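One structure is given here, and the rest of the page talks about it.
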Amino acid sequence: SCPAQLTVLPPIQHHGHPNLYIYISMALYLSIYNQPHAKLLPPPNRPPPAMSRAAMPFGLLRRELACEGYPIELRCPGSDVVMVETANYGRTDDKICDADPFQMENTQCYLPDALKIMAQRCNNRTQCVVVAGVDVFPDPCPGTYKYLEIQYECVPYKVDQKVFVCPGSLLSIQPASSLLEAEHQSGAWCKDPLQAGDRLYVMPWTPYRTEVLYEYASWDDYRQNRVTTTYKLPSRVDGTGFVVYDGAVFYNKERTRNLVKYDLRTRIKSGEAVVVNANYHDTSPYRWGGKSDIDLAVDENGLWVIYSTEANNGRIVVSQVNPYTLRFEGTWATGFDKRGASNAFMACGVLYAVRSVFQDDEGQTEGRVGGDMVVYAYDTGRGQELPVQIPFPNPYQYISSIDYNPRDNQLYVWNNYYVLRYPLHFTPPAPTKGTHGLCIHGLSVCLSVCLSWLCGSFTSVPLPTPGPMSSLMTTVRSYTATVALSPVRPSASHPIGVINRAPFDQRPITAMVPLTPRPPLRVPLAPGGPDQAGGCEGRVARGVQWPPTLKGETVERPCPKGSLGIASYQCMLSPLGWSSRGPDLSNCTSPWVSQIAQKIKSGENAANIAGELVNLTRGRVYAGDVSMSVKLIEQLLDILDSQLQALRPANKESAARNYNKLQKRERTCRAYVQAVVQTVDNLLGPEALISWADMNNADQSRSASLLLDAVEKGAFLLANNLYEGRFSDRAPNVDLEVYVLNTEAEIQDLTFPHSYDSDSILQISALALQQYSNNGQVKLVLSLFKNLGSFLTTKNSTLRLGLGLGQGSEVRGRSLAVNSHVISASVHRGVNRVYLSEPVIFTLRHLQQENHYGPNCSFWNSSGSLGSGRWSTQGCRLLHSNNTHTTCACNHLSSYAVLMTYHVSDATHRPFCDLLVSGVSWVGISVALVCLAGCLTTLCCQGAPWHSDHSNIHCNLWANLLITELLFLVGANKTQFTVACSIVAGMLHFSLLSVFCWLCLEAVELYLLQREVFEGQNSRRKYFYLSGYSVPVLVVAVSTAIDFRGYGSSTACWLRTDNYFIWSFLGPVAFIITLNLVVLVMTLHKMHSSAALKPDSNRHDNLRSVVPIPSSAWAVGSLTLLFLQCVTWSAGLVFLSAPSLLLAYLFSSLNTAQGLLITILHCTLARKVGLCKDYGRCLRLSQCCGGSSSSSPDSVKGAALRSNNRYSSSQSRIRRMWNDTVRRQTESSFIATDVNNTPTLNRGPRACRKCNMRFRFGCSGFELGSK
C-alpha cells in the first residue's frame, strides 16, 4: 500500500541539477494524492521548496548576451528558477559582437525556434549554461557572425495549490484552544500558511484609521504584547478581511473595491487589483458591519476573495486570485445573501458561511439554541451547494473575523475583544478505486521523469496506462511542468454554476511558476504564402523588417536596434492590409530599464535614482520605456516613503538633530519631485510622443493614468514635508505647484498657474479651500500636463450631449477627442474625489479649432492604481465656450479636460466633395433646376409676373430657389478656396432666407386676396419686394459684422456649426416658418367663415360649391410647398455637415419631388391654355394689354372676344354661373366695379388689369376673368 506520509527528500546533486528532488517529490506525491491523511512535509531544517519569490519588481527581466562560440549562463539566486521570456539567436544589430564587416552586413538574421530551444534547456532550473553555436541552434544565416540574446526572469518554483493536501470534508468545529483578550472589540489575526514559523499577524480594526499591521514572533510574544515589527500600510483598510500569504499582506483598500498586495520583506506595495463590480464600503458587509464588504481567505488551493455584487443581488461571490499576479483565475456566484452571514471562510475549495447571534440582537432566545451555525456551503470544485448544519462556538457573540489556516487546520477568530483559535475536525476523503495501482503508476511516472531529466531534455514522455479507470499524461510547456489527472467526471448538477472555472477535481496537479503565460512567438510565413491565401506584403516599419503575413495573423519580430523585447504587427482582415496604427512596440525597452530596476531592488537612494531617470529619458525612448518609466516612478515613490522613515524625528534626540532631519526630508522630497517633473516632461516631449504612438490604446491610457497618479502622490509626499508654504516647478510640458496653506490666517483665492500668464487657468475660491482645513492647514496640489490628454481613452465616456463614443469608434463619421491640456487639482483628504461648497472654475484652450465642436467639461474618473478609468461630466457644467477657449465649473477636484466631437473621413465616410459630385446628388438637383427654369419661362411668356402680385411672388420664389440650387451644386464644396468659400456661404445664407421670406409672402398675399375680393386693394408689389429682400440682407449683414469667420468651414461652404453661428440662419427661419403657418391658418379660417355667411339661394349654393374649393386648394398647396421646403433643406444642410450616401439619396429625392410639385401645381394645373399657345404668344411679343398708355376699344373688344371664346369649353357653364352671380348680386362685395362700363375699359393698362384680371387659385386650375 501507499505510505501515509511523504517527506520531501534533500536535493540530489546530479550533473548540476540540484532541483531533481522536486520532480521526484511531485511524482511520488501523485501516488498518494487520494490517500487519507497524506501530508507533504518539508525536510528537516529546510523551508518548503521555493515558496517565495525574490524581491524584484514584477515584470522586470534580466538580460544576458553571448557572441557565437561563447557560453551564456543563466543563474537565479536561492531556490528561484529560470523562466526564459525572449530568445534571439542571429544578428539584428551591427554594433554587437564586432567581427569582419562582411560577417555583420546581414542584420535581419533571426532564428524563430530560439525561444523554444532555450525554454527546453533552461526553464525551471536554478542555473543553465548554453554555448551559442550551431551545436545547439540551427544556423539561420550561414556566413553571418551571430550572437545569442536572452531575457529571463527568476521566479519561485512552487507546487501550485498542492503545498497542502485537503484533509477532507468539514465535520465539526471544536471549542477554542487559545484565548486572549485584546484592546479592540473588532479586528483580525492570522498566520502565513507558507511560513513554517510561529509568527502571528494582527490588525486591530478602527473605523477610518486602520492602517497598521503588527507582527509577533510567537503566541507568547503576542500574549505579552512584544511586537516584533510594525508595518505602516500604504493605504487605509476597509474591514477585517486581511490575510498574509507567502510573505505579503493582502487587504481591501479603504473606500474602494481594490485589492492591495504589500510585500512585508521589502515594505513595498507590489500590486493592486480591482475586484470588478464588487460592492464595497458598507454596501454589502457581513452582519456586524465594519466595512467588511470584501473579505479575503486562504486555504489549500491558495488565495480567495469573498464579496457580493449587485448583479448577483447582493449574494456572495467567490473568486480565486493568483497571489503573485493578482489575476482572477475563477469566479463562482452563490445563492447566499452576504448580509445574512456573520462571516465566512474557505477550506479545501469550499465556502462556508457562518450565521451567529450578536450580543445586541433582540428576541433571539430561540435563535441562541440553533443560531450559531455553519448554515451554508458551496463547493467550487463541483460548482454546487452542499447541505450543512455545523454548530459554531460563539461564547462572546460579536464575531468580526474568521480566517482558516491550511497548515494547522484551525480557524483564527476575533470575537468581541477576544482572539480565539478553533481546531477543525474533517472526515477522511473517500478512497478512490484502484489506489494501489495508482501508487505503482505514480512510481512509474517518477522513474520516467527522472530518466528524462538525466537525459538532459525534459520533454513529453510516454507513460504506461494504469488501466481503464484513469489515464495519466505528462505535459511540459515553456512555463509549466504539468502532471494532469483525468478522473471520472462527477455527475453533480450545477444549480448555481461556475462562472468561468472548471471543476476542481478536473484541474491538473501542476508544478507551475506563478507567471502570466505569454502567447507563443509567431513564426513569420515563408515568402509566397500571403500571395496564395491573401495577406500583407513584407515591409519595413519602425526599423524592423516585417515578413509577408497572412491576413488576420500577427507577426512578431525582435525590437528595433538598441532595444530589447519582441515587437508585433497585425495584418488586418478588413480592410486587408497592415494595421493602420503601425507596429506594436509596447514590449520594446532600452537596456537601462533593467539597470534602474536593479538599483531599485538594491534599495539605493530614491532621489538619486530619480535623477538618473531624468538623464536616461532625455534621449531616444521606446514604447516600453514609457510604460516602464511610469512603473519605476511608482516604485521609487514607495522606496522613498520607506527611506524617509529613517529621517523621522525622535524624542530622545536633540532639537537640532531633529531639525536637521526635517530639513533633509524636505530637501530629499524636493529633489525627488523635481526629478519626477523633468522625467514626465521628457516622456511628454515631441520625441517621446512617437513612442507613445507605438503603444496600443489600452497601454497608452493605462500609462497616462498611472502617470497622473504618480505625480500627484509624489507631490503630496512633498506637501507632508514642506514647511515653506509653496513649491513650484515648471517644465515645457508639465507645470506643478504644491501649497501648504494656513487656514487660521486669511487666505486669498488661488489662480493656477501662479507665476506666469497661461492660456489654461484654474481658479479656486478661499471658501472652498477653508472647507477642507485639517489641523489649520490645507495641502493642495495643482498640475498642468500638455500632450497627455490624447492618451487617456475616451471609451465609455459619459457626456451631456449623448456623444459617448469609444476611442477610434465612429457614429455617422464622428469621433470623440480630448481637445485641451489636462489640468488637475486635488486636496490631501484621503479620498478619490473632494466635493466643494463653491465650484472650481477653469478655462482651457482648444488644441484644434477646426472641425471640432460640442465642448464637454469632463474629469478623469480613475478606477484605481491599475490605470483604468473614463471621462465623465458628473458635477461639471459648461459656462462659456467660443472658437478658442472653453470655461467650465466643477463641484469637485479632479483632473479636467475638454472633450469635443470631430469629423472622421475615411474609406467608409468619403469627403463631402466625392459625395456631392456623385450621380445621386447631381440628378436630384438637376431635376429641380429644370423644373424651376421651366416654370419661370412659362410665367414670363404668359406675361403674368407683371400683371399680378401673386405671379410676381412666384417669380421671385422660384428665382431664389434656382439660385440656391445652383450655389449648392457648384459652390458648396469649394472649401479649398477660402475667400470664395466664405462668399458662397454668405450667398447661400441670403438666398435660403429669401426663399422662406417669399414663401411667407405668398401666404400673406393669399390672406389679403380673400379680403380684396370684397374690398379691392391696390398693388402691394413694392412692399413685398421690401420685405422679401430687406430681411435676408439685414440678417446676413448683422451676422457678418458679428463674426465674418463664421462663413465657411473645412468641410463645406456653409455656416459653421461648432460655435452657435448656425443660429443666425435657424433663428430667422424658425420665426418666418411660424409666421407663415399662422397666416395660412388664418386664411383657411376666413375662407370657411366667408362660405358660411353666403345667402341661401341656388346660385349662392353654386358659388359656395365653386369658390371655397380653389381657395382652400391654393392654401393647401402653399402649406405643402412650405413643408417640402423645410424637409428638403433640412436634409441638405445636414448633408453639408455630415455627408453620407443615405443623406445624398434623401436630399436628391426631395429635390426632385419639390421641382415636380412646383411644376404640377403652378404650371400644369393652373394653365387652361396649352403651353404651345403661351410660348407662341411669347414669340409674337403680344400680351393681353398693349405696351402704350392707352388702348383702343377694338383691342379691348378683341381681348374680350378671346376671353369669351374660352368659355366655349367644357367649363363654360361654371363660368356663366359665376358671371350671372356677379351681375345680379349688386349688393355683394365680391366685385367693386361694373364690368360693362365702357369708360372703365378705356383706362389703359390699369383698366386692362382690372377687366382682364385672373384669379388663379394654386392647384385648382380655376381662372376668373371678365368678358
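The sequence shown: position 660 = 670 (the working numbering), numbered continuously.
A virtual CB, placed ideally from N, CA and C, is assigned to each residue, including glycine.
The model shown is predicted, which means the values in this text are computed figures rather than measured ones.
- The alpha-carbon separation between residue 943 and residue 994 amounts to approximately 21 Å.
- Three or more beta-carbon pairs drawn from the segment 676 to 695 and the segment 727 to 747 are found closer than 8 Å, and the two stretches are therefore classed as touching.
- Collapsing the DSSP output to three states places residue 907 in a strand.
- For residue 211, the enclosing beta strand (DSSP E) has its first and last residue at 210 to 214.
- In this structure residue 244 touches residue 279 by the C-beta definition: roughly 5 Å separates them, less than 8 Å.
- Taking a 10 Å sphere around the C-beta of residue 756, we find fewer than 16 other C-beta atoms and assign the residue as exposed.
- Going by DSSP, residue 581 is part of the beta strand (DSSP E) stretching over 576 to 582.
- In this structure, DSSP gives residue 296 a state outside helix and strand, which the three-state scheme calls coil.
- When DSSP reads this structure, residue 355 sits in a beta bridge with 362.
- Beta-bridge pairing by DSSP links residue 789 to 750.
- Judged by DSSP secondary structure, residue 960 falls within the alpha helix (DSSP H) whose first and last residues are 959 to 980.
- Between the alpha carbons of residue 887 and residue 849 lies a distance of about 10 Å.
- Straight-line spacing of the CA atoms in residue 946 and residue 826 works out to 47 Å.
- According to the DSSP assignment, residue 106 belongs to no alpha helix (DSSP H), since it is labelled neither H nor E.
- Below 8 Å, enough C-beta pairs join the segment 1004 to 1021 and the segment 1078 to 1087 to call them touching: three or more.
- With 16 or more other Cβ atoms inside 10 Å of its own Cβ, residue 795 counts as buried.
- Pairwise C-beta distances place the segment 426 to 437 out of contact with the segment 339 to 351, as fewer than three of them are shorter than 8 Å.
- Comparing C-alpha distances from residue 389 to each of 185, 366, 328, 217 shows the shortest one belongs to 328.
- The C-alpha of residue 1056 is placed about 6 Å away from the C-alpha of residue 1071.
- Residue 678 sits buried, since 16 or more C-beta atoms from the chains shown fall within 10 Å of its C-beta.
- Ranked by how close their Cα comes to the Cα of residue 652, the residues 549, 614, 1077, 772 have 614 in first place.
- Taking C-beta atoms as the reference points, residue 701 and residue 633 count as a pair closer than 8 Å.
- Excluding the 5 residues flanking it on each side, residue 906 has same chain C-beta neighbours closer than 6 Å at 833, 852, 869, in chain order.
- Under the three-state reduction of DSSP, residue 118 is assigned to coil, being neither helix nor strand.
- Going by C-alpha positions, residue 97 is about 5 Å away from residue 160.
- Check the Cα spacing between residue 556 and each of 1137, 156, 580: the tightest is with 580.
- As far as DSSP is concerned, residue 702 takes part in no beta bridge.
- Residue 716 has its alpha-carbon roughly 55 Å from the corresponding atom of residue 935.
- Under DSSP, residue 1169 forms no beta bridge with any residue.
- Between the alpha carbons of residue 122 and residue 560 lies a distance of about 17 Å.
- Rounded to whole angstroms, the gap between the alpha carbons of residue 1005 and residue 970 is 6 Å.
- 656 is the residue among 139, 710, 656, 153 whose C-alpha sits nearest the C-alpha of residue 674.
- Distance check between residue 645 and each of 610, 663, 624, 666 places 610 closest, using alpha-carbon atoms only.
- Bounds of any alpha helix (DSSP H) do not take in residue 345; it lies within the beta strand (DSSP E) bounded by 338 to 347.
- In the three-state scheme derived from DSSP, where H, G and I count as helix and E and B as strand, residue 163 is classed as strand.
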